[in-house]
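>
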Amino acid sequence: MATESPRPAPNTSSTNTPSAPPVPRTPSSQKKKKTKPGTVPVVKAGGRRPIPWMTIAAVVVVVAIVGGLAAYLAPKYIDREETQKFVPSASNPDPSDDIPGVVKIFYPAGQHVSPTQRVAYDQSPPFGGPHDAVWATCTGIVYPNPLRTENAVHALEHGSIWITYNPQTVKSGDIDVLKSKVEGRPYTLMSPYPGLSTPISLQSWGHQLKLQSAGDPRVDHFITALRRNSQTNVYPGQPQQSSYPEVGAECAAIPGAFDPSNPPPADSGPVPANAVPMNGAGTQQATDESGAAGGATVPAPTSTPAG
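The sequence shown maps to residues 350 to 656 in the numbering used here.
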């Protein structure tokens, strides 16, 4: 039996041309990703980020505004909190006792004089004692000229604060500061007082404080402590007496008796020999504006420095 010779392997190439070399593949990490229009390319970790100057600038502006407001409001808040300590109460009937420089004197009430009489006051400006039967309007009035003291003292008897200043020695701008504390504020009045020993002096009934500057925080403390302070136990030895006598009395103008646009002129010249003394001799016993009888007894004034 004859043996078969091996068959040659089939030729799979249609031509004799050698095959092309294989194309190397680009690693996936090196492929460039196409970005869609309008998108922001993402910088991967390790890349350099742009500095957000607009954000930094906005933060700086906000911080500056907040800091400015804090610097403006903080002192006002502190001043307000400090002033609140001088609000009178049953437990602290006369907070002016804690104000350095306040002088306190007990004066009896209801001692009226006529429009032609003068009083030999023991203080300048006076802050208690005999006074005119008509009060100076004290509804937040700033008087451009000096007032007749006998009318101004009666306004104090109603619980008002009388601010006076020496037009020759008061500092520039202080008048406007004082006006801002009076204008439109009930139970306050203000007027020049030539010859005043200090640039500024504040009066309430039985209390006085002399100052050099309107910026002194004691101005607000005095007003807070004594404007319409109706607490009793204010004066040593007078437990039933309130800070001012005519609690509940009016401060409005009396038609036909006192015109705030044309008030009686201030006293001038030396005090005459027939002036009414501080003990009230020669005064008319009065019924006060709250309806209570006053002036029946006339105790001697007693002086007590406060603070």
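The beta-carbon is built from N, C-alpha and C at its ideal position, and this holds for glycine as well.
Fair warning: this is a prediction, and the values are worked out from it, not measured in the lab.
(1) May I ask which residues mark the beginning and end of the beta strand (DSSP E) holding residue 540?
(2) Is it the case that the Cβ atoms of residue 443 and residue 580 are separated by a distance below 8 Å?
(3) Counting only runs of 3+ residues fully inside the stretch 573 to 611, write out the beta strand (DSSP E) ranges in chain order.
(4) Please say whether residue 493 and residue 542 have beta carbons closer to each other than 8 Å?
(5) Is the separation between the beta-carbon of residue 479 and that of residue 620 shorter than 8 Å?
(6) Suppose contacts are defined by Cβ-Cβ distances below 8 Å. Is residue 534 in contact with residue 613 by that definition?
(7) Have a look at the DSSP bridge pairing and note the partners of residue 481.
(8) Should the stretch 550 to 557 be called in touch with the stretch 577 to 594, which here means at least 3 C-beta pairs below 8 Å?
(9) Please say whether residue 608 and residue 563 have beta carbons closer to each other than 8 Å?
(10) Within its chain, find whatever has a CB closer than 8 Å to the CB of residue 528; leave out the 5 residues flanking it on each side and keep chain order.
(11) Going by DSSP, what residue range makes up the alpha helix (DSSP H) through residue 550?
(12) Just the Cα atoms here: how many angstroms apart are residue 570 and residue 515?
(13) Can you give the Cα-Cα distance for residue 407 and residue 416, rounded to whole angstroms?
(14) On a Cα-Cα basis, can you pick out the residue from 489, 488, 467 and 472 that is closest to residue 482?
(15) Could you pull out every residue in the same chain whose Cβ sits closer than 7 Å to the Cβ of residue 487, ignoring the five residues on either side in sequence?
(16) Looking at the structure shown, is residue 497 part of a helix, part of a strand, or coil, going by DSSP?
(17) Can you give the Cα-Cα distance for residue 449 and residue 567, rounded to whole angstroms?
(18) With DSSP run on the structure shown, which of helix, strand or coil describes residue 559?
(19) To the nearest angstrom, how far is the alpha carbon of residue 628 from that of residue 521?
(20) Compute the distance between the beta-carbons of residue 559 and residue 547, then report whether it is under 8 Å.
(21) Does DSSP put residue 488 in a helix, in a strand, or in coil?
To lay it out plainly:
(1) Per DSSP, the continuous beta strand (DSSP E) segment holding residue 540 begins and ends at 537 to 541.
(2) Between residue 443 and residue 580, the C-beta gap is smaller than 8 Å, which places the two residues in contact.
(3) Listed in chain order, there is nothing to give.
(4) It is not a contact, given that the beta carbons lie outside the stated cut-off.
(5) No; because the gap between Cβ atoms is not below 8 Å, this pair is not in contact.
(6) Between residue 534 and residue 613, the gap from beta carbon to beta carbon reaches 8 Å or more.
(7) For residue 481, which the question treats as bridged, DSSP gives the partners 462.
(8) Segments in contact, yes.
(9) In this structure, the beta-carbon distance from residue 563 to residue 608 does not fall below 8 Å.
(10) Spatial neighbours of residue 528 in its own chain (CB-CB distance under 8 Å, excluding positions within 5 residues in sequence) are listed in chain order as 491 and 539.
(11) Run containing residue 550: none in the alpha helix (DSSP H); it sits in the beta strand (DSSP E), 549 to 553.
(12) CA-CA distance, residue 570 to residue 515, rounds to 21 Å.
(13) Distance between the alpha carbons of residue 407 and residue 416 is about 14 Å.
(14) When 489, 488, 467 and 472 are compared, the shortest CA-CA separation from residue 482 is found for 467.
(15) For residue 487, same chain residues with a beta-carbon under 7 Å away, outside a window of 5 residues either side, are 504, 507, 509, 536, 537, 538 and 600 in chain order.
(16) Looking at residue 497 - three-state DSSP - the assignment turns out to be coil, as it is neither helix nor strand.
(17) Distance between the alpha carbons of residue 449 and residue 567: 8 Å.
(18) Residue 559: strand per DSSP, three-state reduction.
(19) CA-CA distance, residue 628 to residue 521, rounds to 39 Å.
(20) Using a Cβ distance threshold of 8 Å, residue 559 and residue 547 count as a contacting pair.
(21) Residue 488 falls in the strand class under three-state DSSP.
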